[in-house]
Ligand code: DC
C-alpha cells in the first residue's frame, strides 16, 4: 500500500453482509472528514427498481428488461436536511428507507450478479472517488472499483453474530423478523456474493483483515487509529 503522510486517501472497506461495514466506514469518514459512499445502497436501489417494475419476483427475473432499464437509471446521494445525513436517491426520488426492507434484501444479490448493473455502478462509484478523500464500502471496492486504493480493509465476523446484529437492528426499527430467516438470508447472500462470476467478494491481496466478531465500534476505531499511525499517516 502507498500510504504515508498523504492527505486525500482512498479507503476501501469490503466484507460480508451485516458485518458493520457501514457503521465503521461512516465513523472513519467522520473522523477524517472524508466523503462516505455506501455502494450496497446503490445495488439495493437497482433492486427496488426491479421490484417496482415487476422485473424480479419469487419465480421471475427478466434480465433483458433490467438491462434496458439500467441504462436510463440514475442513482445519487444527496444531503437530507431533516435527517442530517446523505441519503440514496433513485431517479430523483429519496428511497433510503425503502431500500432497507427485507423484500429488497431477498433479491439484491441476484440483481448484483448482472454485468450491466455492475458496470454502471462502478462508473458512478469511480466518479465519486475521482478526487480521493473517500471511504467506500461494499464487496468489490478494493478489488475492482479502486484497485489502487491507499488503504484496503476486509471485514469479517461469524454468520451467527452477523445475524444477531441484523436481527436486533430490525427489532429496534420495529420491524418484525424471524431470527432463522435473517440468518438464512445472510448465508444465502454470502454464498451468492462470494461465488458469482463477475467481481465476487474476496479479500484483495493487499487488504488488511478486521474480524470484528468480538469488537465494539469504539474498539474498531481504536484499531483503525493504530493502523493510521503504523502507516505513518498523520491527520
Ligand atoms: O452492503 P449491503 O448488504 O447493503 O449490500 C447489499 C448487496 O449488494 C449485497 O448482498 C451484495 C451487493 N453488493 C455488491 O455486489 N457489490 C458491492 N460493492 C456492494 C454491494
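In our numbering, the protein residues as written are 17 to 251. No residue lacks a Cβ here, since even glycine has one placed at the ideal position from N, Cα and C.
query, result
"Suppose you measure from the CA of residue 242 to the CA of residue 248; what does that come to, to the nearest Å?", "10 Å"
"My guess is that residue 183 and residue 198 are in contact by the Cβ rule of under 8 Å, so how many angstroms apart are they, rounded?", "5 Å"
"Does at least one heavy atom of the ligand DC sit under 6 Å from the Cβ of residue 155?", "yes"
"Does the pairing of the stretch 113-125 with the stretch 197-215 give three or more beta-carbon distances under 8 Å?", "yes"
"Tell me which residues share the same chain as residue 19 and place their Cβ nearer than 8 Å to its Cβ, disregarding the 5 neighbours each side in the sequence.", "At residue 19 the pLDDT is 47, less than 50, meaning the model places this residue with poor confidence; the figure from the coordinates comes in the next sentence. Answer for residue 19: 25, 166, 167, 247, 248 and 249, listed in chain order."
"Return the chain-ordered list of same chain residues with a C-beta closer than 6 Å to the C-beta of residue 237, the five sequence neighbours on each side being excluded.", "43"
"Cα-Cα, which of 75, 76, 134 and 51 is closest to residue 89?", "134"
"Take residue 224 as the anchor and find which of 170, 132, 53 and 51 has the nearest alpha-carbon.", "170"
"What does DSSP give as the partner residues of residue 152 in its beta bridges?", "28 and 53"
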